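A quick write-up on the structure given underneath.
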Amino acid sequence: MAPSTVGGCVAEELATQAPQAAERARKPVVGVDVTLDGQPPQVRVRGEIDFSNAAAFRDQLVALATKGSDVVVDLGGVEFLGVAGLDALCAAARLLGEHEHHLLVRSPPAVTRRVIDVLDLEGLLPIISDEPLPPT
Numbered sequence: 050m051a052p053s054t055v056g057g058c059v060a061e062e063l064a065t066q067a068p069q070a071a072e073r074a075r076k077p078v079v080g081v082d083v084t085l086d087g088q089p090p091q092v093r094v095r096g097e098i099d100f101s102n103a104a105a106f107r108d109q110l111v112a113l114a115t116k117g118s119d120v121v122v123d124l125g126g127v128e129f130l131g132v133a134g135l136d137a138l139c140a141a142a143r144l145l146g147e148h149e150h151h152l153l154v155r156s157p158p159a160v161t162r163r164v165i166d167v168l169d170l171e172g173l174l175p176i177i178s179d180e181p182l183p184p185t
């Protein structure tokens, strides 16, 4: 049976997703705020990290990774973290590990936490808290 004939369910689902997709298109894709007042540097991320912006995100993390300390990444404001965004986190974590430092994750969304658990990345991307950083 074709998807469009299954009691209209697919058509209804697409109709309900259209406003959500339009809303996502209006939001900023990603915002990254870095706080260097003290140690370790703290990075607040918001929006969506996907293939379109993961390279820039990775570059920002790698720049911090060369500063010589751990880096805390707060994912509390992330609405979507695609595989390219996860790869950016892992690349920065590996670079930090080469210098005996860590990338520490705060407040990951439930789906991101689940992916980290399922892929057994907790050693590379330790989750230090479910609480986001306090507002600045």
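When we follow this note's numbering, the leftmost residue of the sequence shown carries the number 50, and every step to the right adds one.
Ideal Cβ placement from N, Cα and C applies to all residues, glycine included.
The structure displayed is predicted, hence computed values, not measured ones.
Residue i burial status per 10 Å Cβ neighbour count (16 or more: buried)
i	result
D169	exposed
P90	buried
K76	Its pLDDT being 48, under 50, K76 is placed unreliably by the model, and the measurement read from it follows with that caveat. Its Cβ having fewer than 16 others within 10 Å, K76 is exposed.
A114	buried
D123	buried
H151	buried
I165	buried
V127	buried
I98	buried
Residue i: first and last residue of the uninterrupted beta strand (DSSP E) it sits in
i	result
E128	120-130
L110	No beta strand (DSSP E) contains L110, which is instead part of the alpha helix (DSSP H) from 103-114.
Q88	No beta strand (DSSP E) contains Q88, which DSSP labels as neither H nor E.
S178	176-178
L170	No beta strand (DSSP E) contains L170, which DSSP labels as neither H nor E.
L153	152-155
Residue closest to residue i, alpha-carbon to alpha-carbon, out of the options
i	options	result
V154	V167, A112, L135	L135
E171	E97, A103, P157, G117	P157
G125	A103, R93, E149	R93
A137	D82, L174, P183	L174
S118	L145, L130, D166	L145
A103	L130, V121, L113, H151	L130
F106	A114, V81, E128	V81
V121	A141, A133, E128, D108	A141
V111	I176, A159, H148	H148
Q88	D179, K116, R162	K116
F100	D108, A159, V132	V132
I176	P183, A159, R95	A159
Limits of the unbroken alpha helix (DSSP H) element including residue i
i	result
D166	159-167
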